Structure formats: C-alpha cells, structure tokens
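For reference, the structure is listed below as structure tokens.
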Amino acid sequence: MLSKSSVLLLSFLALPKCLAVGEDVLEQYLTRRQVIIDEESSDLFGADIILDDEEQVANQVLMKLKLREIGTAANSRNFLPSKQFSSVSKAISNSPLFKVIRLMPKGGVLHAHLSAVNSRNFILNNITDRENLYVCRDQRDGAPRLRFFRYGAAAAASRVDRSCRWRLLAEVRQKDRSIDEEIDQALTMYAGGERLGRIRNSNDAWRKFLNLFDFVKSLFSFKPVYEDYLYHVLEEMHKDNVQFVELRTALQPLYDLDGQQYQDLQVLEIFKKVVDRFMDDHADFVAVKIIYSPHRNIPRSTLDEYIGKFRLFKEAYPELVVGFDLVGQEDRGRPLLDFVDELLELGRDTQFYFHAGETNWNGHEVDENLIDAVLLNAKRIGHGFALIKHPKLMEIVKEKKIVVEVSPISNQVLKLVGDMRNHPAAHFFATNLPVVISNDDPGFWGATGLSHDYYEAFVGIMSRKTDLRSLKRLALNSIEHSSLSDKERALAEEAWTRRWKTFVRQIIMDSDDRETLSSSYYRVRAPSSSFTSRARKSFYWRELLIDVEYASYWTHLALESQSFDPEQPCDTLFILASSRAFPAVYLASTASYSYAQLHVYVIVMLLVVATAIFCIAAGSLSCDPVAAAFHPTNFHEQQQLLHRHQHGKNNHHDEYWRQRARILQSEEKKMLGGDMSFERNERLANKLLMDAKTKEIDDGQYNILRIFFLSHLDDASIIIFFFLISRAGFRDPKQFLPAQSFLRAASSIRKSPVFQIIEDMPKGAVLHAHDTAIVSSEYVFWNITYRPNLYVCEIDGQLKFHFFAPGDAAHRPGCDWTLLQEMRKYDQHRTIDYRIAQQLTMVTRNAEQAYANVDEAWTKFMSIFIFLGPMLTYRPVFEDYFYQGLLEFYNDNIIYLELRTVLPTLYDLDGKQYGPIEVARIYKQVADRFCRDYPDFVGVKLIYAPLRNVQERQLEEFLSTARELVRELPDFVAGFDLVGQEDKGVPLVEFAEQLRGLGNASATPVRLFFHAGETNWYGTSTDENLLDAILLGTKRIGHGYAVLKHPELLEMIREKGIAIEVAPISNQVLSLVKDMRNHPAVALFAGDYPVVVSNDDPGLWGAQGLSYDFYEAFVGIMSRNADLRALKKLALNSINYSSMTQDQRIRAMDIWRRRWDAFVARLIESMINRK
C-alpha cells in the first residue's frame, strides 16, 4: 500500500500532463505546491472540525489578533513565547489575544497538582494574614518556615526542634518588614535564584521546585486552610472558564489547633465536602476528580502501602478517586520498571495516568518510562516531553489514542525547553497526536488557570496558521479523554457547547471592525512585486492567509525479538557476566547478606569469570554472544531477566517483558545505523567506544558497586550481575557537555575520550561548509594578520582591514589607514590584538546573554564575514587560507569537501581583480595542488552560493553565473544554493520560476543544494522554504531545522533520498537551540532518515574540522544506545549523498574503508594496551 507521500510524488509526476497546454511552468509548480499544502491541512490538529458561519467570523477576529501579535513580535525581537515566562507573564496577560483565550470555555484541566494550583496572591493576602500563624527562620539555611499553632504550642515546638525558633508572624511583621518578601520568594520559582541565573538546569529548577512544595505543605496541612485553599483553587479554575478538573494529590494528613489529626479517608471526606459545597455554589461546574499521586522515589514496600490506600479510597468514593500516578522528578526518581509487578496487578482494575518522559535524556531508564506507561495501558501520559525520540512509541500512542498531557510553561520553568518554538509538542500537533494542554503547577510561576498555557501553545508551539479549530479541538479533547462518567461527560459536552456559542458571539461583538467581518474569512495576500501579473494571480489565489500546515505520518517498524540461547550456557554466561555497566536497578531494600555469604559470593564471582575465560579458550564462546554483550540491546534483555527473576515468574508478566523487549529492539533497529551489522573486529572497537560514551554521559563516577545473585535462573544454578551506579553526569546535567554552550564547553570536549576516538575516526566527507569560515581563527590571527602590507582603520568603532601596496593606502579616502605592523610596535598593552580577536570569532564568555536570540546572533555572525572579507579576498591570502582549510579537514580525517562559496571578487596589490569564473579556477588550482600533496584526499567540489536577500534582476545574474560555471568547470562545480539568514531573506517561492528553470535547463542543468528550514518559526515563509526546496528538486537540504513541523515533507525527503545536512554547533551558536538534547535531529537519527552531519562555519566558533559536530551529534543528540554503527553510517552517508561522480565515489569508498579498518585496529590495540 502506498503512503500519502508516495501518492503525492506520483501525482507530481503525472500532474503536468493533466494541465492545459497553455498553462506555463510556474502554474504547474504552484499547483503542485498547493497539493502538498492541502494534504498537510487535511491532517492537522483540529482539521476534522468544520466551523459554522459564526465561528468563521470569530476565527477571522482571532487570526487577525494572532497574526498581528506574531508579526509585531517578529519585527521587534520580542516574541513572547520565546522568552522565559517569568519575564513576559505580564505582557502576555495584557495581550488582546490572551484576553480572548481567557474568555474561551476550555473544558477540563486534566493535569494539575493540588498543592501548586492556587495563586500566590491568595496565599500572601489571605492565608498569611490569619491568626495563630507562626514563622521561623531555619538556622540551617535561613529560609522561612510557616506553621499554625495554638497558643503556647509554638514554644514547645521550638524546644523540640532547636533549628527553628517559632514566633507569631503578625508580631514579626511589625519589627521586620523583610519577612513578607522572604515569604513571597519562598512561594515562587522566580525569586532570587532565577533572577540571578542560579537556576541553570533541570536539577537546579527541581531543587527549588521541591522546596516550594515543602514550604506550602505546612500551610495547607492546617485543616481550615486546606478547605479554603481547595475552594479557592476551584474558584480560580471556574473564573478561567474551566468546567471540571482532575487534581493529582497524595491526600496528605491534616491537623487542627486542638491537636486532632486527620488521615487517609478522613482527609478524603474533607476534600469531598469542600467539592460538594463548591458545586452547590457553582451549578455549571461539572465535576472534580482525584488522581491519587504518591511520590515515585520510594521503596517497593511503601508502594504496597500506597496501593492499599488507593484501593481504600477507590472503594469508598469510586466516582471521586479515578486513577493512580507516581510523581516527582523522573531524572532522580525510580523508574516505572522497578514497580512493574505491582502496577500490573493494580492495573487489572485501575486507570493509570502516569507522568512519563518528563526529561530531555535519550536512551535512559527515564525516557523508557514512556514504554512502561504505554505497556501498563496508561490512559494518558503526563508531559511526554521525550516521546519525540521514540518513533515506535509515537505510533503506538496514536493508535491506542493515549493522550499526551502537554504543560508548556512547566516544561520551560523546569528547564526542559527555553524557546516554546522548540517544544516537541510542535511535532505532536503536526502529526495530530491526541493532545490536551494542562497547567501542572501554575501557582508556582504566576500563571492564571489554564489560559497562559493555552496562549503559549497556540502562539508559540502551534503553526502560525493554526486557528480556532485547534483551540476547539483542545477543549473537546479534554472532555473526550477525561475520567468523567458517561453522564458527567454528556453534561460537560452540553454545557460546553452552550458556552462555546456564547464565546464565539462575544468575540464578534467585541471586535473593533465588526462591519468588515464576513463568514468568508479567507483573504488573499498582498501581491509581491517580484512576480509577473499572471504569476501573481495564479499564486495568490492558491496561497490563503489562514491555511494550515500539519500532516500525519506513521513510521512503520517491524517488531523483532531476540533472546538468549539456553543451549549455549557459555554464551549466556559470558553475556551476563561481562556486560558493560548499565543503569542502576534498585532491588528490594530489605535484602541483606552476612559476611560469610558475601565471601562465598565473591568466590563464585571469580569462578564465573574463570569459567568465561575457559569458555573463550575452549572456543565454545561464539562471536555473536560476545557482540551481544557489547551491544546496547543486550542491556534490555538483561534488565528483563533481572526483573523477572527478582520478582518471580508470572505468565501475565512474561508477556509484558516480551512486548517491552520488542519495542526496544524495534526502535534500536530503526535508529541510524540500526540496519548495519558489525564487521570483523568492529564489535570489540564498539565496546571501547560505548564504554567511553556511557561513562561520559553518566560522568563515570562509579562510586557504588552492587553485586546481585539470582538463584535458579533457567538451567543455571547461579548467575551474578554487576551494577555500577551513581552516575553523576546523568544526575547533574550541568556537567553534560552537549547541554552547555559549545563556546564554553569546547575546551572540555577536546579532553573527552569519546571526542578523541571520533577525531581519529575517518569521517568521509564534509558536505556543508562555507568558504570564508572553514579555517581556525588562530590561523587567521597568527598568520594572516601578521603579513606585510596589511592596513587597519576604524569606522564606527569597528576595525577594518585591507592589503595595500606601499603608498596606496594614503590615497584611499574615507578611512585613516595605518600599517598594522607599525601599530603593533607602539601598542604595549596589545589592545589592537584584543580587538582583532573579538571581531574574529563568535566566542564570548556569556554566549547566552550576548546572543539572546537568533537575530542578535546573526548580527554578530555576519559582522565577522564583513570583517574577514577584505583580508581573505587578497589573492595570496585567499589561496593560502583555502589550502589551510583543506589541511585542517584532512588532519581531521576528512577525504572530500563540498564547499559553498559566494565566489567573492579577489584582488592583487597591483589593482587587478578576479571575477567569479576566475575565482572558481583559482579554487580548482589550489584543490588540485592539495590533492597532489595528499593523494588520499579525493577532491573538492564547489556549490555556488550567493546571498538570498536579493532582487529578481540580481538573481538572474547569479543564475547566469551558475550556468557558466557548470559549463566551464563541469567536474568541479556541483551546483547552486542561496545563503544568508532565512528569516530575513527572500523566500524560495518568490524565485520559483527562475529556480525551476535552472534545474531543468536542457543545455546546462544545474543541481540545487538549498539551505531551507534554518528557523524555529512555524507556518511562515521561512519554514515553507522546505516545501519549495523539495519541489525545486534539491539534492540535499542545508540544516532543515524546522522539518519535524512538516511530517508530510519529512516522508517525502525519505522517499526521494534527500539528505538533510545537520549542523549541530551552528544551530546552537546561532541561537536556534541551547541544549543539544533538544535538537530536532534527535527524531531524524531515531528514524534513520537520510542525514549527514556537517560543520557549516567552524572557524567562527573555535572548532576545527568535523569532529566537534560529530561529537555533539553522537553524545548529545543521538540515543545513549547509539553506537559505532551510527558513526559509520554518518561517514558512509557523507559519501553516498555527495555529488561525486561514480568513479570518484568508488575511489572514496576504497580509501575510506582502508582507513576505517586501520581506525578499528588502532582502537582495539589501545584497548589491549590499556588492559
């Protein structure tokens, strides 16, 4: 059966024959273009909803507000969802669009934690003004603590706990005005640490976050406050046009001033009385439900207690207590895997609503919580942030209609994402995954109800073109996927429909231009001056202002299972005994061993190792199990065996483990390199690489050794498992290098054992690099700036350089030129050198502040090119610079280069200048010389790449030059591209007619290699460049950062074999992504899409060659389990997707394979020598 993208491709081939003879080429192109837009629109989130006449009019108002807000922000660099919520919450609240969203009936809140829902103002202005509230400053950390006491009890408490001296808050306020500020800071994520930049990663954020829960717990445990707080929570939700809420709570014990304690069912009864009272007072509020949610970081025995409580609650109030969850920081909590047996039993009669995947790690037990949530039949998944890294799971989630509860602001505040445009939910919406928007803990960051999260999702995460239908679908999803009874759901739907109609009419009535509105709300764009009149008519009747861009694609993966062979005891023994260290698995805390037992076990351990050695020597240990021991898949099999035999055999549970193994193995086979088999000694080399990689990701601080013994495991009498745990890198993200700015982490990366292995690795080809940015800044500084005849002057505070013949500089007006060599003689403090260094590179101490957004980064980026230009275009320098660039690539084990160049005009000291064709010939001369000097370097090809922000006439000149280049140098010039900041450049569609003719020219066809999608905007002309690049026949796509937001295009890329040139460091330095774990290429690697890794402009940010980008991709973006095969596949892709001739490719493959075999041999030798 053909996929949608296959059908689209076939329709493109057939479409020109169907067009009228008189229609021109552009008409054909634009018709094809519209087919894709319509196809994506038909599958978008909310596309199944048909708006009635009134809704269409309201939608016109809504979209006018949305487009105005996005447009204004894009021009002023102040796009609110790209900022931290703390800095823009007031601006969002004042937004006209937010005010509309606030009015909208939103259905239900399905993910909110009771202790963190209420506004800080209510606590400060109500609760802290109550009688009998005491305060102390903890002597251990100076933080305030609050608690209610009856008269005289506070003094007794102070005597018991000497770290805290309790005083009546009302009296303290009279003497110490700072106490209110301290309490205020203790109630919000944004106090102190956030403002001072102390909250730098998720662990810092969670530390502060959990402190907030501890602080409010003492307040809300007081029964009168608990009752008032709960009532006010519901009241705030109701004011935000929420009709029902599902609250996560562990029903903590309460107390009264008279000393009475309330536990378990008593607390639940108090809760229910408040809810009943609220619903009596608010007849239009449908329901309140409880999802019982104890903490996840507990012993199994404690979980049994919680399950017992849950069953008690459920039996007493089955309509109120609807499900079970485990909460807390996943990165530091116990994985669901530890509790599988208990949860499988509980799941027979219980709905699960698990937090899962609230992490940006990939290939750990943390993101694998998603697998267990799915297999445990969770009805909904809380957060699911890491789901995008698991294509097989995404397919299952969609098929089973498991809803993802997306909480945008929570994910930002807790440091999973910075700019909402990078939130993985953009892909969820684009693939029409079942999604609801929730608020999680709005009281801790000053959000109101659900509206702020709706705003962030609608404006920041969804496409610019998504409209009222998506908001309507979110509300309807919250009802459809709630835990309401059938009767409650019917009431909710009926009430919501009435309120929705009122809301729609109110939008229309409140509009400032009601008289201009009509039900036909799609309007034509203003025509572009770059189109002919006929083209304008054809294009703009197809391009609607409010069309939508979503598509659904499913990645179909074959499920294959592997298991140990019981007939090969030596093999099995070696696999279990010699496996690499893998994530910690916690056993029952009650296990204990005597010293005598431990001595016996150590002896048995030595016997096992001796047996393994004997098996190897006897030749009974085959190569395959050795490979399995070194392969990440084996970890999952061992994990499965351990849990099965730790908790006993159970046929029902065995099926669970088989399903889990199939999912893991399916995903590992589908990832980049998963289709490759290890050859010869690659398995042993992989062992060394993966030891280094897992140690680095986990930071290698293996300070606890655990040895577990499992008796009666199949036919073996005893098996020993080794677990090395306490992984500081994983536990402390600020130590994880790819999570840091490369500008700060480069020196640490150089010391990495993984980097050193990658540096030694033959990487094939560089397919995306720019001519005047390939050489290290050190070479530019120490070589080029110390050459004779280099003059310097200053204009507007910036240095300018140029080479002149002696005496010529004095005759150049407009600048006071001085010989740099002379200036240095009199510069004792080396001020000029410092200024040169600053202008040569993007490197700076505070990159996050210096380049706060894409525009600021690009401003600095382009200034470097302007600064370097006059120096590098001096012909002798130009030739030496290019040769040095090739040498740096060669030393980094690169054997081929495709260089993007603007072919700048060169000059000599005698005034002679060289045009584009002459410059291309100079390039070829230098390349040929380098290939003679280094015979195992395969060669160079040029991609002519002028700037994209040009007028039509200039483009025609560029295209004419491109054709001439291909005619004159057909074996050296590969093709054509347009470069520069896409957000500010002319979109490809504006030049569609000319560009399409370039690739189809019968005489001298020119291949295309377009930059496209180098943006985090969604639904704009910039990310639409991806569509045009594909339709124009691009051979590769430069960057493709936004491609995940266009899943239909993504599948076309796979089917047409268009490689995406991923440049990780460039994307980070130019402020598209901060943490490499959030790079969208994670999905490209997980799905084995055509992809190569390139370096773009390494010389501008302190990198050399390609190794740094390979490192960032391998360690930071790919799964922790991605291994040597992934690196090998990247190298092979770089050759296969190059524009080499067939003979060149055969030669390149031969050279690369010989160098690869030598690399593998060196790696194994180093392992042997180390041992």
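In terms of mature numbering (1 follows the signal peptide of the UniProt record, and there is no 0), the sequence shown is residues -20 to -1, 1 to 1151. For each residue, glycine too, the CB sits at the ideal point set by N, CA and C. Model, not experiment: these values are computed from the prediction.
Separation of residue j from residue i, as counted between CA atoms
i: L883; j: E936; result: 16 Å
i: L770; j: G849; result: 13 Å
i: Q1084; j: Q645; result: 36 Å
i: K46; j: I17; result: 21 Å
i: F781; j: D796; result: 11 Å
i: I488; j: E34; result: 8 Å
i: residue 1160; j: L1086; result: The question about residue 1160 has no answer here: the residues shown for the chain are numbered -20 through 1151.
i: M1147; j: K743; result: 21 Å
i: V115; j: N101; result: 18 Å
i: V266; j: M259; result: 8 Å
i: W1136; j: E348; result: 33 Å
i: E473; j: K70; result: 32 Å
i: Q477; j: V97; result: For clarity, residue 477 is Thr in the given sequence; the question names Gln instead. Distance between the alpha carbons of T477 and V97: 26 Å.
i: R13; j: R976; result: 13 Å
i: Y272; j: E648; result: 34 Å
i: P962; j: Q818; result: For clarity, residue 962 is Glu in the given sequence; the question names Pro instead. Their backbone Cα atoms lie some 26 Å apart in a straight line.
i: E249; j: P1027; result: 49 Å
i: S498; j: Q223; result: Low local confidence applies: a pLDDT of 45 at S498 is under 50, so the model's placement there is unreliable, and no value is given.
i: A790; j: C773; result: 12 Å
i: F761; j: L83; result: 60 Å
i: G398; j: S62; result: 7 Å
i: D916; j: L324; result: 59 Å
i: Y924; j: L1012; result: 17 Å
i: Y131; j: A137; result: 12 Å
i: D490; j: Y434; result: 20 Å
i: S1125; j: N1116; result: In the sequence under discussion, the amino acid at residue 1125 is Arg, which differs from the Ser named in the question. Spanning the two alpha carbons is a distance of roughly 7 Å.
i: D679; j: W186; result: 20 Å
i: E49; j: V1049; result: 27 Å
i: F722; j: I1045; result: 7 Å
i: F78; j: S66; result: 16 Å
Whole-Å CB distance - residue i paired with residue j, under 8 Å assumed
i: S99; j: E207; result: About 17 Å separates the two Cβ atoms, so there is no contact after all.
i: I441; j: A405; result: 5 Å
i: L877; j: V746; result: 5 Å
Residue(s) in a DSSP beta bridge with residue i
i: L886; result: Y894
i: V746; result: L877
i: Y333; result: R360
i: C795; result: BP columns for C795 are empty, so no partner.
i: F989; result: R1016
i: Y114; result: R127 and L148
i: L774; result: Strictly speaking, residue 774 in this sequence is Glu, with Leu absent from that position. L779, per the DSSP bridge assignment.
i: R257; result: Beta-bridge pairing links R257 to no other residue.
i: Q241; result: Y235
Residue of the options minimising C-alpha distance to residue i
i: F129; options: P204, A455, D194 and S465; result: P204
i: A135; options: A123, L148 and P124; result: L148
i: K253; options: Y211, E226, Y242 and A230; result: Y211
i: R855; options: T752, G794 and L800; result: T752
i: T108; options: G303, L199 and D1055; result: L199
i: G362; options: P414, I103 and H407; result: P414
i: E310; options: G327, N277 and E299; result: N277
i: D121; options: L113, M822, N191 and A137; result: N191
i: T765; options: T839, F845, M851 and F722; result: M851
i: E802; options: R314, R767, V484 and V301; result: R767
i: R449; options: E7, P1078, L24 and A665; result: L24
Any C-beta of chain B under 8 Å from that of residue i
i: Q36; result: You won't find chain B in this structure, because it holds only one protein chain.
Practice task
Identify every run of the alpha helix (DSSP H) within the region 901 to 979, keeping only runs that are complete inside it and at least 4 residues long; order them along the chain.
Solution key: 932 to 948
Handout entry: Secondary structure, alpha helix (DSSP H): runs of 4+ residues fully inside the region 1012 to 1062
Key = 1027 to 1036 and 1044 to 1049
Practice task
Could you pull out every unbroken alpha helix (DSSP H) segment of at least 4 residues lying fully inside the region 366 to 426, listed in chain order?
Solution key: 371 to 380, 388 to 393 and 405 to 410
Practice task
Pick out the complete alpha helix (DSSP H) segments inside the region 1072 to 1103, 4 residues or longer, and give them in chain order.
Solution key: 1087 to 1091
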